[in-house]
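Participant:
Residue numbers (the numbering used here): -17 to 383.
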């Protein structure tokens, strides 16, 4: 059976998708259109590139010098060049502070030396990156890893060579309809990135935009060579994680509104299946597994935690209406006790999370065998179905405005 599939964002918790997909594929099911946000965007992109669950499981086990390769996704940013430093917000702040009794020409030189020294200190680079680039960490290592994955192994008998492709080129090469959600903080708009809306945008940077958790990773600035988005100029816009505006946009596949179909493309499957990370569901055995004690980072700051909680609350309130309306299309995957940035989780904790995904997906599919309507598109003629459809259409249209 073929499904149009939606993957929620969740950072490191997204590893649970691999176990669920393993059972999904073993049951003989396939995917049609793919839609993902943040960690879900990574999963959707690898699926579109022909990755099967065994390859994904192998990727989860990658290590560099004995530690998970994913731990390096939160790398200390590299130093900025002198040109960027002298036009930075930090330099501008110093320029606006007048030091009494010091001649202006000497003060200018002192300020230049001070800001260059600050930017060069490894211990202060995260702070400097946070101020100048909107993120505590660099995701350069993630980009390198994703390029390697998109150029590794074979797909349909041919070597993968997808890392330098645009979204239009990738669609032409794979014939997979892939959409990734990101947020434009400059224009205050949600972006659905695919070969129709942003054909010249490189696939790697579309994924990088979608996974850029605000404040955690540096924002991505849209480049001129990436073309337009739905006919709009985007050069210089700051783009971050799609989860800022919609972490689980299942309504984009359920809506039948013409403007939504123009963005998402026509249905290619009779079924829709959404994989939702549920932090209220226990991961069997995880309570006794040792959790890695990460070093102090951005997430430990109380202010950042407050902002994160506010964003989560806002997203949950909006997404909840659509999820409740289409609950039968959603697989809830356990992730209680796992952190969004727990990329360096132990092998034991990772395997418990992946296995939890296997167990839940098997239960879901077993129930579907009893009642096929439980996983079908499920839009009938009843009043409840009609109201659910109206909710999806209204929400999807609002998201794309």
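Positions of the beta carbon are idealized from the N, C-alpha and C atoms, including for glycine. Small disclaimer: the values here were computed from a predicted structure and weren't measured.
Helix, strand or coil for residue -15? Go by DSSP, reduced to three states.
Facilitator: To locate residue -15, count along the chain shown from 1; it is residue 3. Residue -15 falls in the strand class under three-state DSSP.
Participant: Would residue 145 pass as a contact of residue 157 if the rule is Cβ separation under 9 Å?
Facilitator: The residue given as residue 145 occupies position 163 in the chain shown. The residue given as residue 157 occupies position 175 in the chain shown. Cβ atoms of residue 145 and residue 157: not closer than 9 Å.
Participant: To which residues does DSSP link residue 199 through a beta bridge?
Facilitator: Position 217 of the chain shown, counted from the first residue, corresponds to residue 199. Answer is 119.
Participant: Measure how close the beta-carbons of residue 163 and residue 224 come, nearest whole angstrom, since I'm counting them as under 8 Å.
Facilitator: Here residue 163 is taken as the residue at index 181 of the chain shown, counted from 1. Here residue 224 is taken as the residue at index 242 of the chain shown, counted from 1. Going by Cβ atoms, the distance from residue 163 to residue 224 rounds to 3 Å, so yes, they are a contact pair.
Participant: Which of the three DSSP states is assigned to residue 9 in this structure?
Facilitator: Indexing the chain shown from 1 puts residue 9 at position 27. The answer is coil: DSSP assigns residue 9 none of H, G, I, E or B.
Participant: Going by DSSP, what residue range makes up the beta strand (DSSP E) through residue 225?
Facilitator: What you label residue 225 is simply residue 243 of the chain shown in a count that begins at 1. Counting along the chain, residue 225 falls outside any beta strand (DSSP E), and DSSP gives it neither H nor E.
Participant: Under 8 Å, with one C-beta from each stretch per pair, do the region -17 to -2 and the region 122 to 137 reach the 3-pair mark?
Facilitator: Under the Cβ criterion (8 Å, minimum of three pairs), the region -17 to -2 does not count as touching the region 122 to 137.
Participant: Out of 50, 41, 115 and 44, which one is the CA nearest neighbour of residue 62?
Facilitator: Walking along the chain shown from the start, residue 62 turns up at place 80. It is 115 whose Cα lies nearest to the Cα of residue 62.
Participant: Alpha carbon to alpha carbon, how far is residue 70 from residue 319?
Facilitator: By 1-based counting over the chain shown, the position of residue 70 is 88. By 1-based counting over the chain shown, the position of residue 319 is 337. Those two C-alpha atoms are separated by around 39 Å.
Participant: Go ahead and label residue 240 buried or exposed: buried means 16 or more other beta carbons lie within 10 angstroms of its beta carbon, across all protein chains shown.
Facilitator: Start at 1 with the first residue of the chain shown, and residue 240 comes out as number 258. By the neighbour-count rule (16 or more Cβ atoms within 10 Å), residue 240 is not buried but exposed.
Participant: Does the pairing of the region 194 to 210 with the region 239 to 254 give three or more beta-carbon distances under 8 Å?
Facilitator: No: the two stretches stay apart, fewer than three of their Cβ pairs being nearer than 8 Å.
Participant: Across which residues does DSSP place residue 18 in a beta bridge pair?
Facilitator: Your numbering for residue 18 matches position 36 in the chain shown. Residue pairing by DSSP places residue 18 opposite -11 and 162 in a beta bridge.
Participant: With H, G and I counted as helix, E and B as strand and the rest as coil, what does DSSP make of residue 38?
Facilitator: Along the chain shown, read from residue 1 onward, the residue named residue 38 stands at position 56. DSSP places residue 38 in helix when its eight states are reduced to three.
Participant: For residue 470, which three-state DSSP category applies?
Facilitator: What is shown of the chain runs -17 to 383, which leaves residue 470 out entirely.
Participant: So, at 8 Å on beta carbons, what are the nonlocal neighbours of residue 99 in its own chain, with the 5 sequence-adjacent residues on each side left out?
Facilitator: Numbered from its first residue, the chain shown carries residue 99 at position 117. Correct list: empty, nothing qualifies.
Participant: Just curious, the alpha helix (DSSP H) that residue 154 is in, first and last residue?
Facilitator: The residue given as residue 154 occupies position 172 in the chain shown. Start and end: 149 to 156.
Participant: Just tell me which of 262, 72 and 123 has its CA closest to the CA of residue 111.
Facilitator: Residue 111 sits at position 129 when you count from the first residue of the chain shown. Measuring from the Cα of residue 111, the nearest candidate turns out to be 72.
Participant: Hey, out of -9, 231 and 35, whose CA is closest to residue 303's CA?
Facilitator: Indexing the chain shown from 1 puts residue 303 at position 321. The option with the nearest alpha carbon to residue 303 is 231.
Participant: Which residue's Cα is closest to the Cα of residue 150: 117, 188 and 169?
Facilitator: Working through the chain shown from its first residue, we reach residue 150 at position 168. Comparing Cα positions, the closest option is 188.
Participant: Thinking residue 168 and residue 219 are a contact (beta carbons under 8 Å), I'd like their distance in whole angstroms, please.
Facilitator: Within the chain shown, residue 168 is the residue found at index 186, counting from 1. Within the chain shown, residue 219 is the residue found at index 237, counting from 1. That belief holds up - the Cβ atoms of residue 168 and residue 219 are roughly 4 Å apart, short of 8 Å.
Participant: Considering only their Cβ atoms, is the gap separating residue 17 from residue -14 smaller than 9 Å?
Facilitator: Counting from 1 along the chain shown, the entry for residue -14 is found at position 4. Counting from 1 along the chain shown, the entry for residue 17 is found at position 35. Yes, these two residues count as a Cβ contact at 9 Å.
Participant: Could you tell me the boundaries of the beta strand (DSSP E) in which residue 259 lies?
Facilitator: By 1-based counting over the chain shown, the position of residue 259 is 277. Its beta strand (DSSP E) spans residues 253 to 260.
Participant: Residue 243 and residue -8: beta carbons closer than 9 Å?
Facilitator: Here residue 243 corresponds to residue number 261 of the chain shown, with the count starting at 1. Here residue -8 corresponds to residue number 10 of the chain shown, with the count starting at 1. In this structure, residue -8 does not lie closer than 9 Å to residue 243 by Cβ.
Participant: Decide if the region 9 to 23 is in contact with the region 46 to 64; the criterion is three or more beta carbon pairs, one per stretch, under 8 Å apart.
Facilitator: no
Participant: Give me, in chain order, the residues of the same chain whose beta-carbon lies closer than 6 Å to that of residue 38; leave out the 5 immediate sequence neighbours on both sides.
Facilitator: As a first step, residue 38 is located in the chain shown; it is residue number 56 there, counting from the start. Counting only Cβ-Cβ distances below 6 Å, and skipping sequence neighbours, we find 0.
Participant: Just confirm the distance between the C-beta atoms of residue 201 and residue 117, as a whole number of angstroms; I'd bet it's less than 8 Å.
Facilitator: Counting from one through the chain shown, the residue named residue 201 turns up at place 219. Counting from one through the chain shown, the residue named residue 117 turns up at place 135. Going by Cβ atoms, the distance from residue 201 to residue 117 rounds to 6 Å, so yes, they are a contact pair.
Participant: Rounded to a whole number of angstroms, what is the C-alpha to C-alpha distance between residue 204 and residue 349?
Facilitator: Indexing the chain shown from 1 puts residue 204 at position 222. Indexing the chain shown from 1 puts residue 349 at position 367. Each residue's alpha carbon lies about 45 Å from the other.
Participant: Can you give the Cα-Cα distance for residue 155 and residue 177, rounded to whole angstroms?
Facilitator: Along the chain shown, one-based indexing puts residue 155 at 173. Along the chain shown, one-based indexing puts residue 177 at 195. The alpha-carbon of residue 155 is positioned some 12 Å away from that of residue 177.
Participant: Buried or exposed: residue 106, going by 16 or more other Cβ atoms within 10 Å of its Cβ?
Facilitator: Working through the chain shown from its first residue, we reach residue 106 at position 124. Residue burial annotation: residue 106 is exposed, with fewer than 16 other C-beta atoms found within 10 angstroms of its C-beta.
Participant: What three-state label does DSSP hand residue 246 in the structure shown?
Facilitator: As a first step, residue 246 must be located in the chain shown, where it is residue number 264. Helix.
Participant: Using 8 Å for Cβ pairs, my map puts residue 148 next to residue 175. What's the rounded Cβ distance?
Facilitator: Taking the first residue of the chain shown as position 1, residue 148 is located at position 166. Taking the first residue of the chain shown as position 1, residue 175 is located at position 193. Rounded, the Cβ-Cβ distance is 11 Å, inconsistent with contact.
Participant: Do residue 217 and residue 165 count as a contact pair if the criterion is CB distance below 9 Å?
Facilitator: To locate residue 165, count along the chain shown from 1; it is residue 183. To locate residue 217, count along the chain shown from 1; it is residue 235. Not a contact, by the Cβ cut-off of 9 Å.
Participant: Roughly how many whole angstroms lie between the Cα atoms of residue 6 and residue 211?
Facilitator: For the purposes of this step, residue 6 is taken as the residue at position 24 of the chain shown. For the purposes of this step, residue 211 is taken as the residue at position 229 of the chain shown. Rounded to whole angstroms, residue 6 to residue 211 spans 34 Å at the Cα level.
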